[in-house]
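Take the sequence shown: its position 170, counted from the start at 1, is 171 in our numbering, and no numbers get skipped. Just so you know, even glycine gets a beta-carbon here, dropped at the ideal spot from N, CA and C. None of these values were measured; they are calculated from a predicted model.
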Amino acid sequence: MGPRVTAVAIAAILLLSACTSGTPQQGKARSGPTSSPTPAAGTVAWTDCGGGFQCRSVPVPLDYAHPAAGTIDIALNRKPATDQANRIGSLLINPGGPGASGVDWVSGSAAALSILNRRFDLVGFDPRGVSRSSPVQCLDRTAQDAFNALDSVLDDPVEKQATIQADKEYAAACAQRNAKILPFLDTESAARDLDLIRAALGDAKLTYLGFSYGTYLGQMYAHLFPTHVRALSLDAVVDPAISLNDLTLAQVVGFEQNLRTFLADCTARKAASPPCEWAQSGDPYAKLVALMLRFDTSPMLVGNRLLTRGLAMTGVLWRVYYQPTWPLLEAELAQIDHGNGALLLASADDYNGRNADGSYTNELDANNAVNCLDHPVPTDIAAYDALGPAFASASQFFGPWSQYSALTCAYWPAKPTQTIGPLRADGAPPILLVGGTNDPATPYAWAQGVHQQLAGSVLLTRQGNGHGSYGESVCATQAENAYLINLTLPPAGTVCT
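This is the structure in structure tokens:
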């Protein structure tokens, strides 16, 4: 969720120790259990890439409907199991997005996964269209800066027309630069890639840890290849039976709740030592709303850049995602009070994948490319206009800003390949689902919904704020480790804090 983003959920952060008018377009029906062309088992040749990691790629068909028409390479890295005598196999990990690099995430998080790394080779992969795997890139850095800085609160005709035009131009640029791959970046294709990776690694069945969007990829895999599953731990669950606009609305509710909890805590520490500075003068929520209104007409100069309302909203959203990052938001808002917007702008840049040199990762482009294929959306602007009351009611702060967030997909040149609906996995072993009761990016109700859809699944509940549970809760982390290593599921109804 974001200003120019159709994100279902951005990647999890490991926190251990360290279209027809007004009607969704219908794509092709989801296929049932299937098989993929399979490379010889164990044929992945690894090269050393430093720090105890090995790297390689696996060729996969660009178009599974025409597998002889050409291939693309999926980039992998792995950290071999430290207890080789008791090695179970490979643990494939997807950190979310869609669009996040699993290669980068595993490189940065392997130390925090040491318990799993004893028994598993930790394997990261960049899904098709992401980072090192035929990456989608739509705009140059100057155009990307302008696109991200747009104000997504379309409260006057000029802003509305500017956003519509920007979305159309962005979609056209994506088509022009990525014509070959753009129609083939859907999650079903990525799940088929995952099965080829499993086979190439020499694993008879898949052991998988997926966060956020990675839970949707995991569900798709179990739907297509139920008999190839050993264990799937799906943390911060996405419900495939909900439309993109309804997913975004549910996120708006969750982010509003987390923002208000953050500000209530700030108010409670008004007289503490040190105090929460943002609560020193006036109601902190009203103050935040007023700040964004001020940025709408008078952006704050930060060096040679402007902190616009769109960028400031993005910065706030990113810090609300995870409760351990709330102190960062507190510091960023305190600096705003002192006339310095550099920290809040840096937060927005982090979310948007903007590097220190002004270049961008391709995470948000890949995010749009995948979501627009996976989620049919209305193509008539009137359908988005009609969302106004529901979004404003859900959140005065985030609602109007998010109302048109799926509009990019209305103009997407590659048509959706999926329909909205549950993904069954009949024939798969029990799957572990983990949901947080006040997770803003993947609301708990989504985990409950998927629990009903996946026969035999077990739902572990974490009570608390923030996105994702592995590494955030010792109880949840231990339960996920026990399941992945020993196939021991927590008792039904288990609640962690």
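Taking Cβ to Cβ, would you say residue i is nearer than 8 Å to residue j?
i, j, result
"residue 237", "residue 91", "no"
"residue 443", "residue 290", "no"
"residue 346", "residue 336", "no"
"residue 86", "residue 104", "no"
"residue 482", "residue 117", "yes"
"residue 129", "residue 196", "no"
"residue 174", "residue 183", "no"
"residue 89", "residue 121", "yes"
"residue 501", "residue 70", "The displayed coordinates of the chain run from 2 to 498. Any statement about residue 501 would go beyond what the structure contains."
"residue 253", "residue 395", "yes"
"residue 321", "residue 368", "no"
"residue 424", "residue 224", "yes"
"residue 137", "residue 366", "yes"
"residue 233", "residue 203", "no"
"residue 264", "residue 286", "yes"
"residue 1", "residue 477", "Summary: the structure shown does not reach residue 1, with the chain confined to residues 2 through 498, and so no result is reported for it."
"residue 242", "residue 428", "no"
"residue 171", "residue 409", "yes"
"residue 64", "residue 185", "yes"
"residue 148", "residue 198", "no"
"residue 268", "residue 280", "yes"
"residue 97", "residue 213", "yes"
"residue 124", "residue 93", "yes"
"residue 309", "residue 152", "yes"
"residue 257", "residue 398", "yes"
"residue 374", "residue 168", "no"
"residue 59", "residue 49", "no"
May I ask you to report which of helix, strand or coil DSSP gives residue i?
i, result
"residue 32", "Residue confidence for residue 32 is low, a pLDDT of 47 falling below 50, so the modelled location carries little weight and cannot support an answer."
"residue 13", "With a pLDDT of 46 at residue 13, under the threshold of 50, the modelled position of that residue is not reliable, and the figure given next carries that caveat. Coil, per DSSP."
"residue 483", "helix"
"residue 51", "coil"
"residue 22", "Bear in mind that the predicted position of residue 22 carries a pLDDT of just 26, short of 50, making it unreliable; the figure below should be weighed with that in mind. Correct three-state label for residue 22: coil."
"residue 259", "helix"
"residue 438", "strand"
"residue 491", "coil"
"residue 352", "helix"
"residue 65", "coil"
"residue 471", "strand"
"residue 93", "strand"
"residue 452", "helix"
"residue 175", "helix"
"residue 338", "helix"
"residue 165", "helix"
"residue 283", "coil"
"residue 325", "helix"
"residue 267", "helix"
"residue 382", "helix"
"residue 478", "helix"
"residue 416", "coil"
"residue 143", "helix"
"residue 295", "helix"
"residue 84", "coil"
Which term fits residue i, buried or exposed, when burial requires 16 or more other beta carbons within 10 angstroms of its beta carbon?
i, result
"residue 207", "buried"
"residue 348", "buried"
"residue 22", "With a pLDDT of 26 at residue 22, under the threshold of 50, the modelled position of that residue is not reliable, and the figure given next carries that caveat. Exposed is the call here."
"residue 457", "exposed"
"residue 340", "exposed"
"residue 135", "buried"
"residue 358", "exposed"
"residue 416", "exposed"
"residue 295", "exposed"
"residue 401", "buried"
"residue 491", "buried"
"residue 192", "buried"
"residue 376", "buried"
"residue 463", "buried"
"residue 549", "The requested residue 549 does not occur in the structure, where the chain is confined to residues 2 to 498."
"residue 304", "exposed"
"residue 300", "buried"
"residue 99", "buried"
"residue 162", "exposed"
"residue 159", "exposed"
Across which residues does DSSP place residue i in a beta bridge pair?
i, result
"residue 76", "58"
"residue 301", "308"
"residue 318", "Bridge partners of residue 318: none, in fact."
"residue 497", "463"
"residue 361", "355"
"residue 433", "234, 459"
Length-filtered (3 minimum) beta strand (DSSP E) runs lying within the region 99-135 = Those beta strand (DSSP E) runs which fall completely within the region 99-135 and span 3+ residues are 121-126.
message = If we require 3 or more residues per run, which beta strand (DSSP E) segments fall completely within the region 183-252?
response = The DSSP assignment places complete beta strand (DSSP E) segments of no fewer than 3 residues inside the region 183-252 at 207-212, 230-236, in order along the chain.
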